[in-house]
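> I'd like to ask some things about the structure below.
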Ligand SMILES: Cc1ncc(COP(=O)(O)O)c(C=O)c1O
């Protein structure tokens, strides 16, 4: 699959130069794969030498329309020549339009724009706190789920239910309770009058592509209402078209609406943009001056996101179809390769649970021109662009079939 590009490369450096500069000058917090990307087109990216890779991880779920999508490239070019940034001191023509678009798609009333998933979660936590404080000083407890992931800031880490992310930063926010993610009884036991809010991912992403059970989500909504707590659905990984619906909670029939929904990753196709969408009850927790963001909701990001939503409207059925086809082909592989324990997911958010660590398979996949990653040690994660075709899936399956046939459990 690694074929060289015919056109001349504009690469000005080498992989070794890039790596050595980074080793010297960057904080050593990332364990990067040995690959430097140079350009992309459709679902494919190219490295410095022009080798081509089918991208099934799309910048961890961000490059929703793949690379160099003509409509996205066009609006970025146009807007770059007009106005990139205004701050929120002034109006511009796209923020209100995008808020309307997201409000209508989500079933919620109002939006606040920021720059990342973590920043959206911080804002949601502030809303929970402000909502509780307005009722009573003791109403400050937050419930979250084991195995969840909500971001890297101190607030978001405080409700991230995986000790490995939290351990170096304790003590974090007080008053957070974690419950096992499908345990309805534990959920009931965790709620009381001091509960100000609860957060959950409808499909846990970083935790290994685990969908919550419908009874769990419905019970959480019921308990949040009973105890006057705000319920947050973190749709940063499982939302904005990825599950084949606009948002993950719309997979449930009838839909369970949150008080607060946060989203980010795919919305502006690689331009940083996050959103907090809320109903009027949650909106009432924030008064003028209580929250803000310098870059949030700038004209470039909002305009790109409006274009993205126009394209997404037509893509949703295809996401369901090609996602279903991908899972069907993976399930077929699971029948033939005993190292595959389970295939999970919805739409184009797919996890393949293995008997052992998938780290080596990710590296082997790269050598075969296929990009995906491994989360939670044993789960291969696929978050491809929404423009993936059945032919792309066939290509990927041929490579995966070969990888699974030769995969070996790590020694020890
Ligand atoms: C469910 C979820 N919440 C929050 C975040 C944090 O988002 P960001 O990395 O944009 O800050 C992520 C990132 O992977 C996520 O998957």
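In the working numbering, the protein residues as written are 226 to 637.
Glycine included, C-beta positions come from ideal geometry on N, C-alpha and C.
Note that the structure is a prediction, hence the values are computed from the model and not measured.
CB residue 370 to CB residue 462, shorter than 9 Å?
Here the question's residue 370 lines up with position 145 in the chain shown. Here the question's residue 462 lines up with position 237 in the chain shown. The answer is no: Cβ separation not under 9 Å.
> Across which residues does DSSP place residue 429 in a beta bridge pair?
As a first step, residue 429 must be located in the chain shown, where it is residue number 204. Answer is 435.
> Enumerated in chain order, which unbroken segments of the beta strand (DSSP E) with a length of 3 residues or greater are wholly contained in the stretch 549-593?
565-571, 574-579
> Taking just the CA atoms, how far does residue 447 sit from residue 418?
On the chain shown, position 193 is the one that residue 418 refers to. On the chain shown, position 222 is the one that residue 447 refers to. Inter-residue distance for residue 418 and residue 447 is about 14 Å (C-alpha atoms, whole angstroms).
> Nearest to residue 543 by CA position, among 558, 566, 469, is which residue?
Counting from 1 along the chain shown, the entry for residue 543 is found at position 318. That would be 469, whose Cα lies nearest to the Cα of residue 543.
> Under the criterion of a Cβ to heavy atom distance below 8 Å, does residue 302 qualify as lining ligand 1?
In the chain shown, the residue the question calls residue 302 occupies position 77. No.
> Rounded to a whole number of angstroms, what is the C-alpha to C-alpha distance between residue 503 and residue 515?
As a working note, residue 503 is residue 278 in the chain shown. As a working note, residue 515 is residue 290 in the chain shown. About 16 Å.
> Just to be sure I understand the criterion: a residue counts if its Cβ is closer than 5 Å to at least one heavy atom of ligand 1. Which residues meet that?
Listed by chain position, these are 341, 342, 343, 375, 376, 426, 430, 459, 461, 462, 489.
> In the DSSP assignment, find the alpha helix (DSSP H) that holds residue 271 and state where it starts and stops.
For this step, residue 271 is matched to residue 46 along the chain shown. Residue 271 -> not in any alpha helix (DSSP H); beta strand (DSSP E) instead, spanning 269-272.
> What separation, rounded to the nearest whole angstrom, lies between the Cα atoms of residue 372 and residue 317?
If you number the chain shown from 1, residue 372 lands on position 147. If you number the chain shown from 1, residue 317 lands on position 92. If I take the Cα positions, the gap works out to 40 Å.
> Under 9 Å between the Cβ atoms of residue 474 and residue 576?
Position 249 of the chain shown, counted from the first residue, corresponds to residue 474. Position 351 of the chain shown, counted from the first residue, corresponds to residue 576. Taking 9 Å as the cut-off, the Cβ atoms of residue 474 and residue 576 do not count as close.
> By a C-beta neighbour count over all protein chains shown, 10 Å radius and 16 as the cutoff for buried, is residue 284 buried or exposed?
The residue given as residue 284 occupies position 59 in the chain shown. The residue is buried, with at least 16 neighbouring Cβ atoms inside 10 Å.
> So, helix, strand or coil for residue 420, using DSSP?
Reading the chain shown from its first residue, position 195 is the one you call residue 420. Note: residue 420 maps to strand in three-state DSSP.
> What is the DSSP secondary structure of residue 633, counted as helix, strand or coil?
Here residue 633 refers to the residue found at position 408 of the chain shown. Residue 633 falls in the coil class under three-state DSSP.
> Counting beta carbon pairs with one atom in the stretch 558-572 and one in the stretch 587-599, are three or more of them shorter than 8 Å?
no
> For a test of the three-state rule: what should DSSP assign to residue 298, helix, strand or coil?
Your numbering for residue 298 matches position 73 in the chain shown. Of the three classes helix, strand and coil, the one that applies to residue 298 here is helix, per DSSP.
> Could you say which of 522, 454, 558 lies nearest to residue 310 if we only look at CA atoms?
Locating residue 310 in the chain shown gives position 85, counting from the first residue. Checked all of 522, 454, 558; the closest Cα to residue 310 is 522.
> With a threshold of 8 Å on Cβ separation, who are the neighbours of residue 452 within its own chain once the five nearest residues in sequence on each side are excluded?
As a first step, residue 452 is located in the chain shown; it is residue number 227 there, counting from the start. So the list reads 416, 417, 418, 420, once near-sequence residues are dropped.
> In the DSSP assignment, what are the bridge partners of residue 600?
Looking up residue 600 in the chain shown gives position 375. According to DSSP, which records beta bridges pairwise, residue 600 is partnered with 604.
> To the nearest angstrom, report how far apart residue 460 and residue 620 are at their CA atoms.
Stepping through the chain shown from its first residue, residue 460 is reached at position 235. Stepping through the chain shown from its first residue, residue 620 is reached at position 395. About 29 Å.
> State the Cα-Cα distance for the pair residue 584 and residue 433, rounded to the nearest angstrom.
Locating residue 584 in the chain shown gives position 359, counting from the first residue. Locating residue 433 in the chain shown gives position 208, counting from the first residue. Taking the straight line joining both Cα atoms gives about 14 Å.
> What is the DSSP secondary structure of residue 352, reduced to helix, strand or coil?
Numbered from 1 along the chain shown, position 127 holds the residue referred to as residue 352. If DSSP states are grouped into helix, strand and coil, residue 352 belongs with the helices.
> Thinking residue 481 and residue 457 are a contact (beta carbons under 8 Å), I'd like their distance in whole angstroms, please.
For the purposes of this step, residue 481 is identified with residue 256 of the chain shown, where counting begins at 1. For the purposes of this step, residue 457 is identified with residue 232 of the chain shown, where counting begins at 1. The Cβ separation is near 13 Å, so there is no contact.
> Just tell me which of 464, 496, 593 has its CA closest to the CA of residue 541.
Taking the first residue of the chain shown as position 1, residue 541 is located at position 316. For residue 541, the nearest C-alpha among the options comes from 464.
> For residue 228, does the three-state DSSP call read helix, strand or coil?
Working through the chain shown from its first residue, we reach residue 228 at position 3. Interpretation of residue 228 is limited by its pLDDT of 48, a score under 50 that renders its predicted location unreliable; no figure is taken from the coordinates.
> Can you give me the Cβ contacts of residue 379 inside the same chain, cut-off strictly under 8 Å, excluding the 5 residues immediately before and after it?
In the chain shown, residue 379 corresponds to position 154, counting from 1. Excluding sequence positions up to five before and after residue 379, its CB lies within less than 8 Å of the CB of 394, 397, 398, all in the same chain and listed in chain order.
> Considering only residues of the same chain and omitting the five flanking positions on each side of residue 227, which have a CB-CB separation below 7 Å?
In the chain shown, residue 227 corresponds to position 2, counting from 1. Only weak support exists for where residue 227 lies, its pLDDT of 46 falling under 50; the value from the coordinates is given anyway. Once the five neighbours on either side are set aside, the close Cβ partners of residue 227 are 276, 277, 594.
> Around the C-beta of residue 329, are 16 or more other C-beta atoms found within 10 angstroms, so that it is buried, or is it exposed?
For this step, residue 329 is matched to residue 104 along the chain shown. Exposed, since its Cβ has fewer than 16 Cβ neighbours within 10 Å.
> Going by the beta-carbon positions, is the gap between residue 640 and residue 485 smaller than 9 Å?
In the structure as shown, the chain starts at 226 and stops at 637, and residue 640 therefore has no counterpart that could be examined.
> Could you check whether residue 357 and residue 293 sit closer than 9 Å to each other, using their CB atoms as the reference points?
Working through the chain shown from its first residue, we reach residue 293 at position 68. Working through the chain shown from its first residue, we reach residue 357 at position 132. Their beta carbons are not under 9 Å apart, which means residue 293 does not touch residue 357 by this criterion.
> What whole-angstrom Cβ distance do residue 291 and residue 612 have, given they're in contact under 8 Å?
Reading the chain shown from its first residue, position 66 is the one you call residue 291. Reading the chain shown from its first residue, position 387 is the one you call residue 612. Right, the Cβ-Cβ distance comes to about 5 Å (below 8 Å), so this counts as a contact.
> In the DSSP assignment, find the unbroken alpha helix (DSSP H) run with residue 478 in it and report its ends.
Here residue 478 refers to the residue found at position 253 when the chain shown is read from its first residue. Here residue 478 belongs to no alpha helix (DSSP H), and DSSP marks it neither H nor E.
> Quick one: what's got a C-beta closer than 7 Å to residue 495's C-beta in the same chain, skipping five residues either side?
Translated into the one-based positions of the chain shown, residue 495 becomes position 270. Counting only Cβ-Cβ distances below 7 Å, and skipping sequence neighbours, we find 284, 287, 288.
> Which stretch, first to last residue, makes up the alpha helix (DSSP H) that contains residue 321?
The residue given as residue 321 occupies position 96 in the chain shown. Here the alpha helix (DSSP H) through residue 321 covers 320-331.
> In three-state terms, what does DSSP make of residue 500?
Counted from its first residue, the chain shown places residue 500 at position 275. The answer is strand: DSSP assigns residue 500 an E or B state.
> What are the boundary residues of the alpha helix (DSSP H) that residue 394 is part of?
Indexing the chain shown from 1 puts residue 394 at position 169. Note, residue 394: premise wrong, no alpha helix (DSSP H); not H, not E.
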